[in-house]
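Please read the structure below before turning to the comments.
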Amino acid sequence: MGGVTPAGEQVRDPGLQPERTRLAWRRTTLSCTVAAVLAGRAALHHGPTVPGVLACALCLLLWLGFLAVAHRRMVALSACRPRTLALGTARAAALCTLAFAVCAAAMVF
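Going by the UniProt record's numbering, the sequence shown runs without a break in its numbering and finishes at 109.
Below you can see the structure in the form of structure tokens.
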């Protein structure tokens, strides 16, 4: 719990929130890894074709992009007073997620 300074100001106690957020980023990265591996497996199921190899390369690039964003955020959360998520980082994570969804839809249809 947060305390009170001699001046009467409330002291922030982050509790376990940064740890929970870091774990959430790890879970999301793990699920993104599984999705990329399954997408690559599905694309190369009938042997390596040019579209299948391109789809695997795209999934790999998207996975690396999301991994970089997640790693930066997890490192930032290890600070005593972590900064809020930057708008560019949030956009990059959302773009990778959206691109994965488009890739998945393209493989299904």
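Quick reminder that beta carbons are idealized off the backbone N, C-alpha and C, glycines included.
Contacts around residue i, its chain only, beta-carbon distance under 7 Å, and the 5 residues preceding and following it disregarded
i, result
"Thr21", "Leu77"
"Arg72", "Thr89"
"Leu67", "Thr29"
"Cys59", "Ala36, Ala39, Gly40 and Cys103"
For residue i, the three-state DSSP class (helix, strand or coil)
i, result
"Leu16", "coil"
"Arg41", "helix"
"Ala85", "Before going on, a small fix: residue 85 reads as Leu here, not Ala. Residue state, collapsed to three classes: coil."
"Cys96", "helix"
"Cys80", "coil"
Straight-line gap, residue i to residue j (C-alpha atoms, nearest Å)
i, j, result
"Ala86", "Val37", "28 Å"
"residue 136", "Ala42", "This structure does not reach residue 136, given that the chain is present from 1 up to 109, and the question cannot be answered."
"Val69", "Ala93", "7 Å"
"His46", "Gly40", "11 Å"
"Glu19", "Val50", "43 Å"
"Trp63", "Leu98", "12 Å"
Unbroken alpha helix (DSSP H) run spanning residue i, endpoints
i, result
"Ala68", "Val50 to Ala76"
Own chain partners of residue i with C-beta closer than 8 Å, once the 5 adjacent residues on each side are dropped
i, result
"Arg91", "none"
"Met74", "Arg22, Trp25 and Arg26"
"Leu44", "Gly52, Val53 and Cys56"
Nonlocal neighbours in the same chain, by C-beta distance under 6 Å from residue i, ignoring five residues either side
i, result
"Gly65", "Cys96"
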